[in-house]
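J.:
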Amino acid sequence: GAVVSQHPSWVICKSGTSVKIECRSLDFQATTMFWYRQFPKQSLMLMATSNEGSKATYEQGVEKDKFLINHASLTLSTLTVTSAHPEDSSFYICSLGEGGLSVNTEAFFGQGTRLTVV
Amino acid sequence: KQEVTQIPAALSVPEGENLVLNCSFTDSAIYNLQWFRQDPGKGLTSLLLIQSSQREQTSGRLNASLDKSSGRSTLYIAASQPGDSATYLCAVTGGGNKLTFGTGTQLKVEL
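In structure tokens form, the structure reads like this:
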């Protein structure tokens, strides 16, 4: 199966600073990647679809200016949480989308990033 | 909009018991359904994938069924062990490999 590497696995930052999370597809060329967020004791919610070479598509209620997504190559998507606040503390996880993967294959996820804003 | 619900939200059973976790979804136009395991503070481990044309899949002590027309899936765990304690998530795949996750079932298997 595909290998997805997400970095960092955890980060603590001060309120008002920005944090960048990387998601790398090690053996598939991904034209799309998905970013999910999970608050404590809740399920994963899709935040946005990262599209290689074009703008990301954000789900309703997700601020595009706060969660900047860059998908500059077929193997790397980054999520930057800008001016982070304590309410942004959450578990962020990416997965591969199309491009080398059929819709009938299992989803492949990164290891996730635990963000804590203090 | 697809909605996925899991029942029960939490479950505690003694070791050795067989158990069933339930998942229901509102839109039957899915490519597949997947069951995942999530340990506290960790990522997702894929357990089983059922294609939309399939009725069930088995892996070891796990058996998952899918009734696409009624929007239901079950995950059967045989002879449960303390190591099975985790949160179990089901997710359905729609267009573009986009997943919609269920609310999860938190399982605790006690000695």
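Protein chains in written order, with our numbering: chain A, 112 to 229; chain B, 2 to 112. A virtual CB, placed ideally from N, CA and C, is assigned to each residue, including glycine.
If you run the structure through DSSP and keep just helix, strand and coil, what is residue 119 of chain A?
T.: Here residue 119 of chain A is taken as the residue at index 8 of the first sequence, counted from 1. In the structure shown, residue 119 of chain A sits in coil (DSSP, three-state: anything other than H, G, I, E or B).
J.: DSSP on residue 133 of chain A, reduced to helix/strand/coil?
T.: For this step, residue 133 of chain A is matched to residue 22 along the first sequence. Note: residue 133 of chain A maps to strand in three-state DSSP.
J.: Less than 8 Å between the CB atoms is what I'm expecting for residue 196 of chain A and residue 126 of chain A, so what's the real figure, rounded?
T.: Indexing the first sequence from 1 puts residue 196 of chain A at position 85. Indexing the first sequence from 1 puts residue 126 of chain A at position 15. That pair is a contact at about 6 Å.
J.: Pick out whichever of B:91, B:101, B:80 has its Cα sitting closest to the Cα of residue 111 of chain B.
T.: Here residue 111 of chain B refers to the residue found at position 110 when the second sequence is read from its first residue. Checking every option, the nearest Cα to that of residue 111 of chain B belongs to B:80.
J.: Just to confirm, are residue 152 of chain A and residue 191 of chain A a CB contact at a threshold of 7 Å?
T.: For the purposes of this step, residue 152 of chain A is taken as residue 41 along the first sequence, with counting starting at 1. For the purposes of this step, residue 191 of chain A is taken as residue 80 along the first sequence, with counting starting at 1. Cβ distance not < 7 Å, so residue 152 of chain A and residue 191 of chain A don't count as in contact.
J.: Among A:124, A:219, A:202, which residue has its Cα nearest to the Cα of residue 42 of chain B?
T.: Locating residue 42 of chain B in the second sequence gives position 41, counting from the first residue. Nearest of A:124, A:219, A:202 to residue 42 of chain B, Cα basis: A:202.
J.: Give me, in chain order, the residues of the same chain whose beta-carbon lies closer than 7 Å to that of residue 118 of chain A; leave out the 5 immediate sequence neighbours on both sides.
T.: Residue 118 of chain A sits at position 7 when you count from the first residue of the first sequence. For residue 118 of chain A, where only same-chain residues beyond five positions count, the Cβ hits under 7 Å are 133.
J.: In the structure shown, what three-state DSSP assignment does residue 198 of chain A receive?
T.: The residue given as residue 198 of chain A occupies position 87 in the first sequence. Three-state result, residue 198 of chain A: helix.
J.: Secondary structure at residue 85 of chain B, three-state DSSP: helix, strand or coil?
T.: The residue given as residue 85 of chain B occupies position 84 in the second sequence. Helix.
J.: Going by beta carbon distance, what residues of the same chain come within less than 6 Å of residue 1 of chain B, once the five residues before and after it are set aside?
T.: As shown, chain B starts at 2 and ends at 112. That puts residue 1 of chain B outside it, with no answer to give.
J.: For residue 212 of chain A, which three-state DSSP category applies?
T.: Position 101 of the first sequence holds residue 212 of chain A. A caution first: residue 212 of chain A carries a pLDDT of 48, below 50, which makes its placement in the model unreliable, though a value can still be read off. The answer is coil: DSSP assigns residue 212 of chain A none of H, G, I, E or B.
J.: How many angstroms separate the CA atom of residue 116 of chain A from the CA atom of residue 206 of chain A?
T.: Position 5 of the first sequence holds residue 116 of chain A. Position 95 of the first sequence holds residue 206 of chain A. Near 10 Å, if we compare the C-alpha coordinates of residue 206 of chain A and residue 116 of chain A.
J.: As a quick exercise: from B:13, B:51, B:102, pick the residue whose alpha carbon is nearest that of residue 90 of chain B.
T.: Taking the first residue of the second sequence as 1, we reach residue 90 of chain B at position 89. If we check each option's Cα against that of residue 90 of chain B, B:102 comes out closest.
J.: State the Cα-Cα distance for the pair residue 1 of chain B and residue 52 of chain B, rounded to the nearest angstrom.
T.: This structure cannot settle anything about residue 1 of chain B, because the visible part of chain B is limited to 2 through 112.
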